[in-house]
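Counted from 1, the sequence shown has number 101 at position 101 by our numbering; the numbering is strictly sequential.
The C-beta atom is built at its ideal place from N, Cα and C for all residues, glycine as well.
Comments concern the structure below.
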Amino acid sequence: FQDPSSYQSAALKRVEAQVSFETMATTKLLQYYALYCIFEATNAKTNRFIEASGAFAPTQIPGWNITQGWLETNVDPCGGWYGVGCTDGQIANLNLFSNGFTGNFPP
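So this is what it looks like as structure tokens:
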């Protein structure tokens, strides 16, 4: 979180922007943070392949194809985020295949 331009810092800011984040259970906060790390690391970000191809200028890298729910501050991931599958209110799977990821998937 030391680097304000890191995907981790951006993910934390998105979590803190969620309505009622102060009262969320730790498990839910961790789920939001993990999802936002994926989003911030792979949405309109460069990587070695993109740089080597020269296909896009650094400011013109395309973002995700579908961001439904991911940009909202009042929608639970289990209640309308594109590609998020849940069981009993907990994230069980992600199906973001062909959604136009760029950047590097976080470890």
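DSSP lists THR87 as the beta-bridge partner residues of GLN90.
Contact between THR42 and PHE105 holds: their C-beta atoms lie close to 6 Å from each other, under 8 Å. Closest in C-alpha terms to PRO58, from the list SER20, ASP88, THR46 and GLY69, comes THR46.
Closest in C-alpha terms to GLY69, from the list PHE39, ALA10 and GLN8, comes PHE39.
Here TYR82 has ILE66, THR67, GLN68, GLY69, TRP70, LEU96 and ASN99 as same chain residues with Cβ atoms under 8 Å from its own Cβ, once five neighbours each way along the sequence are excluded. Rounded to whole angstroms, the gap between the alpha carbons of TYR33 and VAL15 is 6 Å.
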